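Under the UniProt record's numbering, read the sequence shown as residues 1 to 1211, first letter to last. Where is the CB? At the ideal position from N, CA and C, for every residue including glycine. The structure displayed is predicted, hence computed values, not measured ones.
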Amino acid sequence: MRTSMLWVEKINFPDNGDNCVYDVCFSPDGTQMIAAVGLRILVISVAEGTVVQALKGHKGTVYCCAYAFDGKRFATGGSDKSVVIWTNALQGALKYSHNDSIQCIAYNPTSQQLASCSANDFGLWSPEKKSVEKCKVPAKINACAWTPDGLYLALGLSNGTVSVRNKAGTEHSRIERSGGTNSAVWGLAWGHAPEDGQDMLCIADWGQSLSFYNLLGKQVMKDRPIGFDPLRVVYAHTHRDCEYIIVTGSNKACAIFTQEGIKVTSVAEQESWVWACSMKPNSSAMAVGTQGGIITLYEIQLLVVHALYKSLYAYRMNMTDVMVQDLLKDVRVRIKCRDVVKKLAIFKENLAIQFSDRVLIYQRDTKNEDFKYHLKDKISQTFECSLLVMCMENLILCHEKKLQCLSFTGVRLREWILESHIRYIRSVGGKRGKEVLVAGLKNGQVVKIFLDNPFPIILAKAPQSVRCVDLNLLHTKLAVVDESSTLFVYDLTSKDNDLLFQEPNAISVFWNTICDDLLSYSGFGTLNIKANGFAIHQQKMAGFVVGFCGHKLFSMQNSSVVTLEVPLSGPMYQYIQHKQFTEAYKIATLGVPINDWKELASSALAAMDLEIARKSFAKTKNLQFVRLLVAYEERLKRDHDVKPNSFLADVYAHQGRFTEAARLYKENGEEHKAMAMYADLRLFDLAQEYLGGGDSADKTQLMKRKAEWAAKINEPRAAAEMYLVAGEKLKAIEIMGENQWTDMLLEVGRKLDRADEEALNACASYLARMGQVSAAAEMYRRVGLVEKVAEMYILAKEWQEAFIIVEKHPELKKVVYLPYAQWLAEKDQFAEAQKAFHEAGCPEEAFKVLELLKKNAVEETRYHDAGYFHWILSMQYLDLARSEKCTDAERQEHLATFLLHQKKAAMYYAYNSIYRYTTQPFTPFLADALFNISRFLMHELMTETDLPISKFHVLYTLAKQARTLKACKLARHVLERLQSVRVPPSLREGLDLLCLTARGDTFTDNEELLPLCYRCSTTNPLLNPRGNYCINCYHPFVFSFVSFEVLPLVEFQLEDGISDEEALGLIGSRLPGDGGRASRGSQRDKWRETMNDDMQVLHFENDDDDIATNDPFSMKSMGYQGGNGAVAPVIVGKDALRELEPTEIIVCKWQPPLRYQFYKNLLPDMSISQCHACFKMFHTDDFVLQVLQKGHCPFCRSPPLAQERPVLADD
């Protein structure tokens, strides 16, 4: 660090009063300084260092002063307990007072708010407020400081406490120093933490230490001893945003510390205590005021410590860290040293860092892609040197005339003493351990030193002291800049190292590290690039050059190295002009624009330098010229007698000189090349001139080219005709198809031979796309592709034509019937679709379609449709069970699946009514129907729980209808079950109301609602633990599938040996003469008729028991209980069948392998109807109404047969 005194002002008052400089501050523009000296306020001109005016506004000693951030006001405070606010015109504007002397003041850096601190309180003033807000403190305030954002104020107290307040004066955090009153705080300053850049408070106390805290009062770094009593702390900034701390006090100087509190040095030594210190805004100037009345302005220069090797640049950062970066790759790494860095040296992967008492050697791992350095060696010695140079295995120390070579362990290996002081030295590479140093001396000598040679070699001698020196890549040329700013370039290959040239106005010089003959030097705002001995290319540049690598140049500007891109087009063109294409190519590879590459390629080609031309064309990605040059080079290898005119003609053609190229082609007998060239140019008339008379291949080729051109210029019809003439049928058909020329396609297709299958297929394909199915089928039929013909009819939905093809070709059944089935399914014709899937042999596809439809119906809450799709699925599984290929195990599985889907279909069918009732405002169902449906579903859900049916909706409906029909016991039970069911929010209020009202009902059920088993005459409870089966005989209830009332039907089975068809013939088949057969009578009329051979007898007042005893069906119904409580089926023999009335019997005629189901209507007066497809039972009135309304069965949607009618009792 270097300091220089700008001016000094000794303050002497005539009355020999107090002349101690307690405080100084600068105006924001830096032109004016305010100093608090004794009883006066001095206004000093910063430029001249003279007192402009002495202001009198205080009756006592002035202790402090501060300038506002906008420069319009400044304030002063002193022992007279008052604060005076001055304008920048040096006029007093405002004055307010405290209860004690003013110790320090500070303006908010972002507003006009002023903080004034006294011995027992502090105040906050702003122009917007009429009064000053004051807050008490427990001890005298010695220092205050605002954060950079102006949000918080730090107060340093004499009891060793620091209080951080917000803008309103409220305490935000508190810091207490360990020394208490012995650690009175006299210096405060806000800076930035070196780790994260957050606000950090630096505290200087009379415990003679520096401490660092964040805004929350937490210590961020350890205390640093300073060895004196501090009075003032100031943060200063230098280049690269480097921040350091200045502390003044009893040391009678300004001590410089790093951000981490490490002492660097002491500057501006005085004869008395330094009370005041302030940095000039946006400057490195520092004002110092002492107790002896001396004000001095210093310029502080923080020396740049850096090192450069090719593109590797290392520099000191924040005085204790080292930053290493690759200027070309823009990668960097930071090395934390935690000590003041004195010097740096870098060479390849090695880095040397010198401190005051040691040197650390770092090395970068080149095998790893990570840009990181690790510590390799340490030299624990103190060295005095002016320059430091690094090599692979050695460290070079330079001091005046002496050079010392040290190992990395600190052992001195060799020493050179030169004739004069060393002004410049650098390592220019070489073998490991034998590197070469080049040094410039004060007497003008330039010497070269090998590390393994004790004798320096004198290379040249400049007229004056050497300022900069460099060797080129091959060490054949030497560049030297002396104190006269003159550049000298010497040829080291000559015997006497002759001077090649010299140039004026040079400060620094560097050779390019890649190109041997490329030189750069700078000076006086100008950059100069010189190649070989050619003229110089100049451009403006700030700073001076410190490195030159490829087309990147490194320039030192404002203590920082920046990377610039240098255009090298000028040197390249200079080499081209002198026909030095190899050198020009080397320059171009460093980095030139694409147009310069094109010029180099053309120039090299014109000079027949084929290798450079090929490489240059490759750089421009001109593949045509690259292929041309490669082909010509291969021809030269095969045939050394190749005519150069032929290659020249190709070059002319590629360069656009077509007339000359055609002339050369003709001279060489290569008319076909001329024709091809003009054909490529679409100059067909000129191409015709070079067409041979008998070469049909060339004519065909020319016709193709014409057709291609016609297609490109949007003449498709002409192109198609030309393609046909040229024999390119497929291309012609493609053009016709893309333009949808149906007539042309038909004409071409009918003219084509059957052997040309590819062209006919193309015609048919395009015709099919255009909707000309019949024409496409005709084309496919000519080729013999029957399957394609069928596909055409399928596309046109002409199914009858497709079926005719299937009759002739049964192997196409799946091809036709599968899309037909899918089409039917899309049309909602599922019955026909099932047959089509069956014909196609794809039952899996039918299942997939129905599964998808069923899933969508459930997701869309179309439960009626879901039940219908389940019924269709069940019937398909029944069809599968009927197949002869089906095994017994598979048949049983299919039948079980059939029954499962039948059950699910019935549940979805019933749930549709419940869902409509609970979600829609109106319902067509009566209360008893809803009651029966919900009871049916509740019992079914006891065994089937995997369906997405809401139990809540079922139970909620049952509870409401049960209360309506006076089934209060059932309602109470259902409501208790609802407590464990998730309730929809929309129905929660209704359920709560229902529960409350149900509690007042009697705990009984309406007996009229109790279901009766017509087999065993047992009255069943409404809540049946056996579900929809009799609780006594386990006989299944048969429901009417509209109102879901229990029908008076009892199922019976046939004795072994009786077939279903035989049973149908036996029912009611007793002859009229058979005795004991009741006819034309009923049990309630108490009469019966018997027929004998010679008489007819009518019996009156017969007992019911006798009738029941003589009724075969009634006798079979007596025994209803089987073993283990299982249901015992009613078995009916032939005699009993003959006694049954046909009108009382209902038969479900299931398809095999199922047997017929027989039911007896025990109440013949009740008319019951049956669907012929699904065999569901209905009250006749309900069934007729549903069929009239919908036109089909409400369950399976099958239309009624023509002969189907309700079965009445008196039929």
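Residue nearest to His551 in terms of C-alpha spacing, selected from Met541, Ala588, Val562, Phe544: Ala588
Contacting residues, own chain, Cβ-Cβ under 7 Å from Pro1048 (five flanking each side not counted): Tyr1014, Asn1161, Leu1162, Leu1163, Met1166
Beta-carbon contacts of Tyr424 that lie in its chain and below 7 Å, excluding the five residues immediately before and after: Ala439, Gly440, Val466, Arg467, Cys468, Val469
Coarse secondary structure for Trp871, derived from DSSP in three states: helix
Nearest to Lys310 (by Cα), restricted to the options Ser163, Phe510, Glu271, Leu188: Phe510
Element boundaries [alpha helix (DSSP H), containing His953]: Per DSSP, His953 belongs to the alpha helix (DSSP H) from 951–964.
From Leu303, Pro28, Phe74, residue whose alpha carbon lies closest to that of Pro281: Pro28
Tyr911 versus Leu664, Ala896, Asn932, Leu900, residue with shortest Cα-Cα distance: Of Leu664, Ala896, Asn932, Leu900, the residue nearest in Cα terms is Asn932.
DSSP beta-bridge partners of Glu243: His237
Inter-residue spacing [alpha-carbon to alpha-carbon] between Pro1025 and Lys951: 17 Å
Unbroken stretches of the beta strand (DSSP E), 3 residues or longer, contained in the UniProt domain "IFT122 first beta-propeller" (195–300): 199–205, 209–213, 219–225, 230–237, 243–249, 254–257, 263–267, 274–279, 285–290
Where Leu411 sits in the DSSP three-state scheme: Residue identity differs from the one stated: residue 411 is Val in this sequence, not Leu. Residue state for Val411 is assigned as coil, using DSSP reduced to three classes.
Buried or exposed by the 16-neighbour rule on C-beta atoms within 10 Å, applied to His894: buried
Buried versus exposed call for Thr248 [16 or more other C-beta atoms within 10 Å across all chains shown]: Burial call: buried.
Same chain, Cβ closer than 6 Å to Cys20, five either side skipped, listed in chain order: The beta carbon of Cys20 sits closer than 6 Å to those of Gln291, all from its chain and outside the five residues before and after it, given in chain order.
Contact belief for Trp190 with Ala145 at Cβ below 8 Å, rounded distance in angstroms: Contact between Trp190 and Ala145 holds: their C-beta atoms lie close to 6 Å from each other, under 8 Å.
Environment of Ile246 [buried if 16+ CB atoms lie within 10 Å]: By the beta-carbon neighbour count (other beta carbons within 10 angstroms, threshold 16), Ile246 is buried.
Cα-Cα separation, Leu600 to Leu568: Rounded to the nearest whole angstrom, the CA to CA distance from Leu600 to Leu568 is 13 Å.
Nearest-angstrom Cα separation, counted from Asp196 out to Ile41: 40 Å
Distance, Ala531 Cα to Val324 Cα: 31 Å
Continuous alpha helix (DSSP H) stretch holding Met572: start and end: 569–577
Paired residues, beta bridge with Phe1175 - DSSP: Partner(s): none; Phe1175 has no beta bridge.
Cβ distance (whole Å) where Tyr1159 is taken to contact Val1042 below 8 Å: So it is not a contact: roughly 18 Å between Cβ atoms.
Host alpha helix (DSSP H) of Thr526 (start-end): Premise fails: Thr526 lies in the beta strand (DSSP E), 526–531, not in any alpha helix (DSSP H).
Ser484 beta carbon near the ligand HEM (any heavy atom closer than 7 Å): By its list of ligands, the structure shown contains no ligand whatsoever, and the ligand HEM lies outside what it can speak to.
DSSP beta-bridge partners of Ala889: BP columns for Ala889 are empty, so no partner.
Proximity of Gln354 and Asn318 at Cβ, strictly below 8 Å: no
Distance between His578 and Pro593 (C-alpha atoms, nearest Å): 20 Å
Cβ separation of Pro1129 and Gln1053, assumed to be a contact under 8 Å, to the nearest whole Å: 5 Å
Whole-number beta carbon distance between Ser79 and Ser101, since they are thought to touch under 8 Å: Ser101 to Ser79, Cβ: 4 Å. Contact.
Beta-carbon proximity list for Asn1028, same chain, < 8 Å, skipping 5 on both sides: Phe936, His939, Glu940, Pro1036, Phe1037, Phe1039
Where Gln580 sits in the DSSP three-state scheme: Residue state, collapsed to three classes: coil.
Cβ contact check for the segment 515–532 and the segment 477–490: 3 or more pairs under 8 Å: yes
Among Pro1194, Gly1068, Tyr67, Trp416, nearest to Gly1133 - alpha-carbon criterion: Gly1068
Start and end residues, beta strand (DSSP E) containing Val561: Annotation for Val561: the continuous beta strand (DSSP E) segment containing it runs 560–565.
Own chain, CB closer than 7 Å to Met5, minus 5 neighbours either side, in chain order: Thr296, Tyr298
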